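For the protein sequence lines, the chains are U and S, in the order given.
Numbering of the first sequence is given in the working numbering, commencing with residue 400 and proceeding in unit increments.
Numbering of the second sequence is given in the working numbering, commencing with residue 306 and proceeding in unit increments.
All C-beta atoms, glycine included, are put in the ideal place defined by N, C-alpha and C.
Owing to the predicted nature of the structure, the values given are computational and were not obtained by experimental measurement.
Down below is the structure, laid out as structure tokens.
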Amino acid sequence: MPDTPSSIGWKICCAAAVITMVLAFTPLLLPTGSAGPFWLGMPYALWSGIALCGFMVMLTAIATVVHPGGGGAGAGAHPQKR
Amino acid sequence: MLPSLLIVGTLYVALLIGVSVWQRRINTGSKDYLLAGGSLSSVLGLFTFAATLFSTFTLLGMPDLFRIHGVGAWHFLAVSDMGLVFGVIWVGYHFRKVALKEGFWGMSGFLSQRFGNALAGRVAFFGVFVFLIPYVAIQIKGVSDFVALAFPGLLPVWGWSVGLVAIMLLYSEMGGLKAIIYNDAIQGLVLLVVIWIVGLSCLEAVGGLEAGYATLRESDPALLSVPGPRGLFTPQFLIGSAVAILMIPFTQPQVSIRLAIMRDDRAMYRMAVGVGVFAILVILPTAFIGLYGSVKYPDLSAFEFLSRALVFDQPPTLGAFVIIGLLAAAISTADSQIFALGTELRSLVALRDDRQLLRVTKVGIFVFALLALAFSLVAGDQLALLARTSFAGTSLLAPLVFIAIFAGNRARGHALPAATLLALLVFIASLLGWLADTVAGIRLDLFLLFALGGLAVVLVLLRRRSSQH
Numbered sequence: 400m401p402d403t404p405s406s407i408g409w410k411i412c413c414a415a416a417v418i419t420m421v422l423a424f425t426p427l428l429l430p431t432g433s434a435g436p437f438w439l440g441m442p443y444a445l446w447s448g449i450a451l452c453g454f455m456v457m458l459t460a461i462a463t464v465v466h467p468g469g470g471g472a473g474a475g476a477h478p479q480k481r
Numbered sequence: 306m307l308p309s310l311l312i313v314g315t316l317y318v319a320l321l322i323g324v325s326v327w328q329r330r331i332n333t334g335s336k337d338y339l340l341a342g343g344s345l346s347s348v349l350g351l352f353t354f355a356a357t358l359f360s361t362f363t364l365l366g367m368p369d370l371f372r373i374h375g376v377g378a379w380h381f382l383a384v385s386d387m388g389l390v391f392g393v394i395w396v397g398y399h400f401r402k403v404a405l406k407e408g409f410w411g412m413s414g415f416l417s418q419r420f421g422n423a424l425a426g427r428v429a430f431f432g433v434f435v436f437l438i439p440y441v442a443i444q445i446k447g448v449s450d451f452v453a454l455a456f457p458g459l460l461p462v463w464g465w466s467v468g469l470v471a472i473m474l475l476y477s478e479m480g481g482l483k484a485i486i487y488n489d490a491i492q493g494l495v496l497l498v499v500i501w502i503v504g505l506s507c508l509e510a511v512g513g514l515e516a517g518y519a520t521l522r523e524s525d526p527a528l529l530s531v532p533g534p535r536g537l538f539t540p541q542f543l544i545g546s547a548v549a550i551l552m553i554p555f556t557q558p559q560v561s562i563r564l565a566i567m568r569d570d571r572a573m574y575r576m577a578v579g580v581g582v583f584a585i586l587v588i589l590p591t592a593f594i595g596l597y598g599s600v601k602y603p604d605l606s607a608f609e610f611l612s613r614a615l616v617f618d619q620p621p622t623l624g625a626f627v628i629i630g631l632l633a634a635a636i637s638t639a640d641s642q643i644f645a646l647g648t649e650l651r652s653l654v655a656l657r658d659d660r661q662l663l664r665v666t667k668v669g670i671f672v673f674a675l676l677a678l679a680f681s682l683v684a685g686d687q688l689a690l691l692a693r694t695s696f697a698g699t700s701l702l703a704p705l706v707f708i709a710i711f712a713g714n715r716a717r718g719h720a721l722p723a724a725t726l727l728a729l730l731v732f733i734a735s736l737l738g739w740l741a742d743t744v745a746g747i748r749l750d751l752f753l754l755f756a757l758g759g760l761a762v763v764l765v766l767l768r769r770r771s772s773q774h
């Protein structure tokens with residue numbers, strides 16, 4: 400079955416989340432022993448971490464829209480109803 | 306400050322008990338009592354999930370981590386939490402799909418069903434019991450030590466601990482999970498408001514972000530990068546912590562039950578986004594408090610720093626609210642953990658009578674609370690690091706849980722549950738100092754997790770091949 404636009408969007412979100420989380424722990428976002436560049440007085444490791452968190456929240460919000468699970472499956476599915 | 310604390314504290318406890326009495330009238334059976342009716346809205350879900358996730362270790366442990374080990378603390382918790390939130394919508398969807406079809410009463414019972422044997426459920430229960438009781442204990446100890454230090458001579462540490470557990474047990478036993486969830490909502494809000502007021506006050510005291518970090522550049526520049534002045538935040542420590550934290554929604558039963566009882570998948574998705582925002586909002590001010598501590602109190606012990614930064618350096622009424630916020634943070638996590646242990650026990654018991662099962666659960670909750678209280682009297686005071694050990698310990702259950710969710714009938718068998726039990730025992734032995742805590746330079750918890758993950762994949766592939774022939 401061909402991928403729908405929604406499921407392609409979901410796969411892109413998943414790939415972006417995995418790549419972002421991997422990058423988060425590399426020297427790109429977390430350089431050892433290096434404090435700069437500073438932004439609003441904050442060292443790089445802190446402000447880039449905050450920016451990364453903001454990006455991940457937005458990504459998660461988009462992912463909830465394109466999630467192939469929609470809202471149908473499990474809707475109203477109380478643990479003991481089925 | 307004592308009169309303010311007594312007034313605010315009395316109102317707070319009355320509110321918690323009031324909610325429980327209200328819910329006690331509504332609860333009609335096990336499903337209401339243990340699963341809150343199984344139809345949680347996204348807003349209630351957000352607050353109960355967040356209040357359960359963010360505990361004393363956020364309010365007390367994180368400022369101290371920022372103060373002593375520097376800005377890497379943000380990656381340690383906040384960045385890891387973002388992965389957790391995405392994992393909730395990714396894996397949570399599949400978890401709900403399978404768990405709700407099976408009839409979910411607890412992770413241990415779910416695993417027993419999926420693996421087709423009692424060993425899987427018992428291993429899961431053993432894992433959460435061994436690693437959650439110390440986690441509950443450090444919540445109780447952390448707050449009791451702190452309050453005893455803030456009000457010397459009023460009550461001994463054990464007196465505060467007993468009071469805390471008594472309040473928690475009273476409203477949990479009376480009102481069940483729904484009462485806990487409503488109280489979590491109250492406590493989550495209290496925690497958020499209190500930590501922001503204190504955080505902003507601390508930031509103002511150091512002259513703002515720029516002035517504060519400029520001072521640190523002069524006094525201790527190692528705090529501004531990883532691995533920090535004491536070398537804690539190495540890539541391996543951060544990655545190991547992130548992996549352990551990512552697993553929490555599926556390996557810590559007080560969190561996974563909240564995914565199972567969401568009204569529908571959409572409510573769970575909205576809740577996950579809300580938790581992501583909540584995580585940033587609740588961790589950011591702990592960085593400000595940590596900055597204040599690094600500048601003003603770099604050499605004090607953890608509790609001396611916290612009592613000054615959170616209570617004595619604040620106006621008296623705010624200090625009283627901080628104490629209540631701390632109690633809220635501790636109670637909202639500990640009650641959910643103790644209640645979840647009771648629910649896990651129930652999911653393993655083979656009784657048909659609903660009233661008998663409920664009685665077993667309530668007795669279990671009472672016993673687990675007493676055990677946590679006893680452990681709290683002997684626990685250490687490294688809140689954040691003990692919490693991390695709890696996350697790492699329960700994360701060893703992840704391959705078992707993920708195979709149960711994703712492998713269908715190929716999950717059945719004793720091999721993976723037995724290997725998980727062995728891994729738990731090896732990890733416990735290393736914590737007790739009987740075994741080394743690294744293998745070929747890799748942290749033991751991370752090594753065991755990857756070994757179990759590899760074994761799980763091999764077992765599934767072998768089963769798939771044998772079913773094809």
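**Message:** Any beta carbon of chain U sitting closer than 8 Å to that of S/PHE391?
**Reply:** Reading the second sequence from its first residue, position 86 is the one you call residue 391 of chain S. S/PHE391 counts as touching chain U.
**Item:** Contacts around S/LYS667, its chain only, beta-carbon distance under 8 Å, and the 5 residues preceding and following it disregarded
**Value:** On the second sequence, residue 667 of chain S is found 362 positions in, with the first residue counted as 1. Cβ contact annotation for S/LYS667 (same chain, cutoff 8 Å, sequence separation greater than five): GLU478, GLY647, in chain order.
**Request:** Starting from S/ALA284, find everything on chain U with Cβ-Cβ shorter than 8 Å and list it in chain order.
**Result:** Absent from the structure is residue 284 of chain S, since the part of chain S shown begins at 306 and ends at 774.
**Request:** May I ask you to list the residues that DSSP assigns as paired with S/ARG748?
**Result:** Here residue 748 of chain S refers to the residue found at position 443 when the second sequence is read from its first residue. Partner(s): S/THR743.
**Message:** Please tell me whether U/CYS456 has its Cβ less than 8 Å away from any Cβ of chain S.
**Reply:** Residue 456 of chain U sits at position 57 when you count from the first residue of the first sequence. A quick correction: the sequence has Val, not Cys, at residue 456 of chain U. For U/VAL456, the answer is yes, since a Cβ of chain S falls inside 8 Å of its Cβ.
**Request:** Indicate whether at least one CB of chain U lies closer than 8 Å to the CB of S/TRP395.
**Result:** For the purposes of this step, residue 395 of chain S is identified with residue 90 of the second sequence, where counting begins at 1. Yes, S/TRP395 lies at the interface with chain U (some Cβ there is under 8 Å from its Cβ).
**Request:** Determine the contact status of S/THR694 and S/LEU754, defining contact as a CB-CB distance below 8 Å.
**Result:** Counted from its first residue, the second sequence places residue 694 of chain S at position 389. Counted from its first residue, the second sequence places residue 754 of chain S at position 449. No, the Cβ-Cβ distance between S/THR694 and S/LEU754 is not below 8 Å.
**Asked** Quick one: is S/ILE373 buried, meaning 16 or more other Cβ sit within 10 Å of its Cβ, or exposed?
**Response** By one-based count along the second sequence, residue 373 of chain S stands at place 68. Under this definition S/ILE373 is a buried residue.
**Collapsed DSSP secondary structure at S/VAL531 in the structure displayed** = Working through the second sequence from its first residue, we reach residue 531 of chain S at position 226. Strand at S/VAL531.
**Asked** Can you name the start and end residues of the alpha helix (DSSP H) that S/SER506 belongs to?
**Response** The residue labelled residue 506 of chain S in the question sits at position 201 within the second sequence. 462-510 is the span of the alpha helix (DSSP H), which, as asked, contains S/SER506.
**Request:** Please check if any C-beta of chain S sits within less than 8 Å of the C-beta of U/LEU422.
**Result:** Stepping through the first sequence from its first residue, residue 422 of chain U is reached at position 23. By this cut-off, U/LEU422 is not an interface position.
**Request:** State the DSSP-derived secondary structure class of S/TRP379, mapped to helix, strand or coil.
**Result:** The residue given as residue 379 of chain S occupies position 74 in the second sequence. Assigned with DSSP and collapsed to three states, S/TRP379 falls in helix.
**Request:** Assuming S/ALA404 contacts S/LEU416 (C-beta within less than 8 Å), just tell me the rounded distance between them.
**Result:** The residue you call residue 404 of chain S lines up with position 99 of the second sequence. The residue you call residue 416 of chain S lines up with position 111 of the second sequence. Between the beta-carbon of S/ALA404 and that of S/LEU416 there is about 10 Å, and that puts the pair past the 8 Å contact cut.
**Request:** Specify the secondary structure class of S/LEU437 as computed by DSSP and reduced to three states.
**Result:** To locate residue 437 of chain S, count along the second sequence from 1; it is residue 132. The answer is helix: DSSP assigns S/LEU437 an H, G or I state.
**Prompt:** Which residue from S/SER700, S/ALA633, S/ALA429, S/LEU537 puts its Cα closest to that of S/GLY314?
**Reply:** Within the second sequence, residue 314 of chain S is the residue found at index 9, counting from 1. For the residues S/SER700, S/ALA633, S/ALA429, S/LEU537, the minimum Cα distance to S/GLY314 belongs to S/ALA633.
**Exposed unless 16 or more other CB atoms sit within 10 angstroms - verdict on S/ASP386** = The residue given as residue 386 of chain S occupies position 81 in the second sequence. Its Cβ being crowded by 16 or more others within 10 Å, S/ASP386 is buried.
**Status (buried if at least 16 other CB within 10 Å, exposed otherwise) for S/GLU649** = As a working mapping, residue 649 of chain S is identified with position 344 in the second sequence. S/GLU649 is buried by the Cβ-count criterion.
**Neighbouring residues, chain U, relative to S/GLY366 (Cβ below 7 Å)** = For the purposes of this step, residue 366 of chain S is taken as residue 61 along the second sequence, with counting starting at 1. Those do not exist, as S/GLY366 stays about 18 Å from chain U at its closest Cβ, beyond 7 Å.
**Message:** List, in chain order, every chain U residue whose beta-carbon is nearer than 8 Å to that of S/ASP525.
**Reply:** Position 220 of the second sequence, counted from the first residue, corresponds to residue 525 of chain S. Those within 8 Å of S/ASP525 in chain U number zero; the least Cβ separation is about 11 Å.
**Request:** With 8 Å as the limit, tell me which residues of the region 476-508 of chain S have their beta carbon closer than that to any beta carbon of chain U; keep them in chain order.
**Result:** Going along the region 476-508 of chain S in chain order, one finds no residue with a Cβ nearer than 8 Å to chain U.
**Partners in chain U for S/PRO532, counting only beta-carbon separations shorter than 9 Å** = For the purposes of this step, residue 532 of chain S is taken as residue 227 along the second sequence, with counting starting at 1. THR431, GLY432, listed in chain order.
**Asked** Per DSSP, which one or two residues make a beta bridge with S/LEU345?
**Response** As a working note, residue 345 of chain S is residue 40 in the second sequence. In the DSSP output, where bridge partners are listed per residue, S/LEU345 has S/MET567.
**Request:** Kindly give me the distance between the Cβ atoms of S/SER637 and S/ALA356, rounded to whole angstroms, as I take these residues to be in contact under 8 Å.
**Result:** Against the second sequence, residue 637 of chain S aligns to sequence position 332. Against the second sequence, residue 356 of chain S aligns to sequence position 51. Right, their Cβ atoms sit about 4 Å apart.
**Item:** For U/TRP409, the three-state DSSP class (helix, strand or coil)
**Value:** Counting from 1 along the first sequence, the entry for residue 409 of chain U is found at position 10. Residue state, collapsed to three classes: helix.
**Prompt:** Would you say S/TRP379 reaches chain U, if we count a Cβ-Cβ gap shorter than 8 Å as a contact?
**Reply:** The residue you call residue 379 of chain S lines up with position 74 of the second sequence. So yes, S/TRP379 belongs to the interface.
**Item:** Cα-Cα separation between S/LEU596 and U/ALA416, rounded to whole angstroms
**Value:** The count along the second sequence starts at 1 and reaches residue 596 of chain S at position 291. The count along the first sequence starts at 1 and reaches residue 416 of chain U at position 17. Rounded to the nearest angstrom, the two C-alpha atoms are 30 Å apart.
**Prompt:** What residues from chain S crowd round U/ALA414, counting only those whose CB sits closer than 9 Å?
**Reply:** The count along the first sequence starts at 1 and reaches residue 414 of chain U at position 15. Here the premise fails: no neighbours, minimum Cβ distance about 12 Å.
**Message:** Under DSSP, the alpha helix (DSSP H) around S/TYR398 begins and ends at which residues?
**Reply:** Indexing the second sequence from 1 puts residue 398 of chain S at position 93. Unbroken alpha helix (DSSP H) run through S/TYR398: 385-407.
**Message:** Mapping the DSSP letters down to three states, classify U/THR425 as helix, strand or coil.
**Reply:** On the first sequence, residue 425 of chain U is found 26 positions in, with the first residue counted as 1. Here U/THR425 sits in coil by DSSP.
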